Amino acid sequence: MENDKNEPELKTIQEEQIPVPEIKNELPSAPKSNKKLIKKLIWLVVFIILIYSGYHFFSFYITPHKAIQQIYLIPKDAIFIIQSESPVADWNQFSKSEPWQCLKKSPSFAEIAQRAETMDSILHENKRLMSLVGKRDLMISVHKVRSDMWDFLYVIDLQKVSEINALKEQIETVYSLMNYKVTYRKHQGVNILELTDPKTHEILYTAFVDNHYIASYTSKLVEASIDERNHPAIGLDQLFIEANKSVANKGLFRMYIQYAYLPQLLDIYIGKNNEYSPVISQSMAYAGLSFQASSDKFELKGYTFLNDTVNPYITALLHSGKKDIQAYTILSDRTAFYSHIGFDNPSTFLKELENALSVSNTSFYDSYKTSYSKIESMFGISLADDFFSWMSGEFAITEMEPGLLGHETEMILAIRAKDIDLAKEKMAYIEKKIKRRTPVSIKAALYKGYWINYVELKGFFALFFGKMFDKFEKPYYTYIDDYVVFSNKPATILSLIEDYEQKNTLKNDPGFKQVLKQVEKNSTYFVYTNTRKFLPLLKPVLNTQSWNDLYANKDIVYSFPYSAFQINGNQKQVGMHVLLNYIPYQEAISDDVTNENEEDSEEVENNEIDELNRFYAEKFQGNIYREFYPENALKSECEIREGRRHGKYHEYYEDGSLKIRGKYSKGQPKGTWKYYSREGELEQKVKMK
326 MENDKNEPEL
336 KTIQEEQIPV
346 PEIKNELPSA
356 PKSNKKLIKK
366 LIWLVVFIIL
376 IYSGYHFFSF
386 YITPHKAIQQ
396 IYLIPKDAIF
406 IIQSESPVAD
416 WNQFSKSEPW
426 QCLKKSPSFA
436 EIAQRAETMD
446 SILHENKRLM
456 SLVGKRDLMI
466 SVHKVRSDMW
476 DFLYVIDLQK
486 VSEINALKEQ
496 IETVYSLMNY
506 KVTYRKHQGV
516 NILELTDPKT
526 HEILYTAFVD
536 NHYIASYTSK
546 LVEASIDERN
556 HPAIGLDQLF
566 IEANKSVANK
576 GLFRMYIQYA
586 YLPQLLDIYI
596 GKNNEYSPVI
606 SQSMAYAGLS
616 FQASSDKFEL
626 KGYTFLNDTV
636 NPYITALLHS
646 GKKDIQAYTI
656 LSDRTAFYSH
666 IGFDNPSTFL
676 KELENALSVS
686 NTSFYDSYKT
696 SYSKIESMFG
706 ISLADDFFSW
716 MSGEFAITEM
726 EPGLLGHETE
736 MILAIRAKDI
746 DLAKEKMAYI
756 EKKIKRRTPV
766 SIKAALYKGY
776 WINYVELKGF
786 FALFFGKMFD
796 KFEKPYYTYI
806 DDYVVFSNKP
816 ATILSLIEDY
826 EQKNTLKNDP
836 GFKQVLKQVE
846 KNSTYFVYTN
856 TRKFLPLLKP
866 VLNTQSWNDL
876 YANKDIVYSF
886 PYSAFQINGN
896 QKQVGMHVLL
906 NYIPYQEAIS
916 DDVTNENEED
926 SEEVENNEID
936 ELNRFYAEKF
946 QGNIYREFYP
956 ENALKSECEI
966 REGRRHGKYH
976 EYYEDGSLKI
986 RGKYSKGQPK
996 GTWKYYSREG
1006 ELEQKVKMK
């Protein structure tokens, strides 16, 4: 077909080549205008990132943070508060100590150990949490939550880290991975995270409050902590602030005691009000103590701060200086509990006491002055000149395990004399004056060169020292070295003399010598306890459950055999030192091979009464010799003459029912002996040859 001549002619590419740009391994260059735009965008993104990062850096590290003090979240009824700046490191050091490894075996501490180790494992299983918590301030407070239970509140200061929402999510994730059930609820607008343990079904309650993370196994403690946020009590108390400053940055961690609530804790274990608890809780506000743990002891050192209103006796004692501890040179090594009271001068103490009484309570002061005058006028003596004039200022009160003659706890009051001859003269004068008004038939008795005297000092000691001395109102007394030694039982005096003569004293006791090296040699108030001797004496003091728990774990208790408590005080700030020595306990193994020899020796004892028992029976027991079971029940009683059994003999079962009735003649059984069952039925009669 022919094309119309008037139409333009079409040419193929082959016929007319169009230039094509050469293709290389790179994109063609962008126009200059596009390059500038891209650079601007990049710099804008970088600028935004820098601004954002700078904002977070500035706000996190530079900008003041809305933080509150940790103590403001501690509920006002805290009994103890423990504080640590590096809880993970401190816990690692404490948990590895030998005393704690022993202590946590006790059921009383097992729950504490389990909870602490649970928190510890959570931290170690999550490095991020551990890095955040490891160097943060931690406070743990102890509260009474039921009539028979106490629990902890944990408060961790996360500072600005608390603003990172990812941390809160991470904590929830950690617990979820451990199969905890995680639920929420609100209190005062604050989210409380409830973490239920799948095994024990215990619930850990946690919350973020400002810059702090709080946790407890008791919900009301977390709620109380949230409530405390707006109305803090402890943290604004000036005496707590002073206690906090006194031990800042000292020891492995710090411990604070709030004395006002201490009786609540004691009630759990004692089951009844301790007569001394109100005096302490009303007089003392807070104690600040630094804690140290080593392989052989726990130790607390610090200060106690007093309330504005203080018991007059405590005031007088703290204002009267201190005295060196020396009575251990005469005290028996059977001592279970030894308390020392010391002041520079008894006359100073009397003046301070009168001043404190007159200031604190007019009725107390009037009663004191009336009793003071009544004693002086009744007996015709001067308490200051005849009674206090010979005293040096050292008083020692002890409780001892049963000795050679008795079955009950023995108590001693030892008062050091400035001049023992003056003391003898004054005591003889007082005894003479008192016996004129209140004649008694008890006569002095001489045993191995020691005169055992008796005098009624009713009201004397209690007037100046309170109820602590009321057991010595009708004492027997004697003189040992520079001490006038009082006791409510002559058996105690005689046993003490025997121990002193045989050098069985605290001076030679390894445990006491160890403690004495670790405390100040002079003191206002000092207490030493031998746990292995003291434990049996606690039975009548503790409630049944507490005693059973304590005795069931006596091997753990006995691993802390020697302890000490010391106070050296002034008007407001009182130095305080607590010492708990650790020595692993190994129970002695009994040797059955010696049973036969023991029976032989018992037979000898039954027929020969030693000098001490004979003296005691003849002088103080009306010629009746008594024996007792280990648990204090009367085992037998027999009349004696010239140091031998002679007369009626009765033997009893542990429950007090009669077991045997018979007679002795010059140390030998005589006549017909009757044997009874526990039910009181006569089982047999035996004619003695």
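Numbers in the numbering used here are just positions in the sequence shown, counted from 1, shifted up by 325. Glycine included, C-beta positions come from ideal geometry on N, C-alpha and C. All of these numbers come straight from a predicted model, not from anything done at the bench.
Item, Value
"Coil, strand or helix - W715 by DSSP", "coil"
"Whole-angstrom distance between Y754 and E724, CA atom to CA atom", "29 Å"
"Beta-carbon proximity list for F794, same chain, < 8 Å, skipping 5 on both sides", "I722, L738, F786 and A787"
"Buried versus exposed call for R510 [16 or more other C-beta atoms within 10 Å across all chains shown]", "exposed"
"Own chain partners of G1005 with C-beta closer than 8 Å, once the 5 adjacent residues on each side are dropped", "S982 and L983"
"Terminal residues of the beta strand (DSSP E) in which F280 lies", "Lying outside 326 to 1014, the shown extent of the chain, residue 280 is not represented and no answer is given."
"The segment 835-850 touching the segment 663-673, judged by at least three CB pairs closer than 8 Å", "yes"
"Cβ contact (3+ pairs, closer than 8 Å) linking the segment 681-700 and the segment 617-633", "no"
"Proximity to P861 [Cα-Cα], best of L478, F720 and W872", "W872"
"Among I892, L875 and R1003, nearest to P432 - alpha-carbon criterion", "L875"
"Span separating the alpha-carbon of F533 from that of V604", "39 Å"
"Simplified DSSP state of I965, which is helix, strand or coil", "strand"
"Minimum Cβ-Cβ distance from Y581 to chain B less than 9 Å", "The displayed structure is made up of one protein chain only, and chain B is not part of it."
"Proximal residues to E928 (C-beta, below 6 Å), its chain only, five neighbours per side dropped", "In this prediction, E928 scores a pLDDT of 38, lower than 50, which makes its location untrustworthy; no coordinate-derived value is stated."
"Beta carbon of M901 nearer than 9 Å to that of L625", "yes"
"Enclosing alpha helix (DSSP H) for M752 [first to last residue]", "I745 to R762"
"Delimiting residues of the beta strand (DSSP E) encompassing M580", "F578 to Q583"
"Cβ-Cβ separation, A958 to I949 (assumed contact under 8 Å), whole Å", "Incorrect: roughly 17 Å between the Cβ atoms, too far for contact."
"Beta-carbon proximity list for F578, same chain, < 7 Å, skipping 5 on both sides", "I407, Q408, S409, D415 and F616"
"Where T997 sits in the DSSP three-state scheme", "strand"
"As assigned by DSSP and simplified to three states, the class of A877", "helix"
"Rounded straight-line distance, which links the Cα of S645 to that of V635", "15 Å"
"One or two residues paired with L905 in a DSSP bridge", "F623 and S888"
"C-beta atoms of Y538 and V480 nearer than 9 Å", "yes"
"Touch test, the segment 651-665 against the segment 704-714, Cβ-Cβ under 8 Å, three pairs minimum", "no"
"Spatially closest choice to N778 from Y542, I639, K944 and N893, by CA coordinates", "K944"
"Identity of the residues DSSP links to V534 by a beta bridge", "H537"
"Coil, strand or helix - N868 by DSSP", "coil"
"Beta-carbon gap between F623 and L904 smaller than 9 Å", "yes"
"The segment 819-835 contacting the segment 740-756, beta-carbon criterion three pairs below 8 Å", "no"
"C-beta atoms of K768 and W715 nearer than 9 Å", "no"
"A311 and S606 closer than 9 Å at C-beta", "This structure gives no information on residue 311, because the portion of the chain shown stretches from 326 to 1014."
"For E967, the nearest candidate out of E979, S961, S990 and E976 (CA to CA)", "S990"
"Which listed residue (L520, P523, D522 and I551) has its alpha carbon closest to that of G514", "I551"
"Selected residue, minimal CA-CA separation from L483, among Y638, S411, I528 and S472", "S411"
"Three-state secondary structure assigned by DSSP to E423", "helix"
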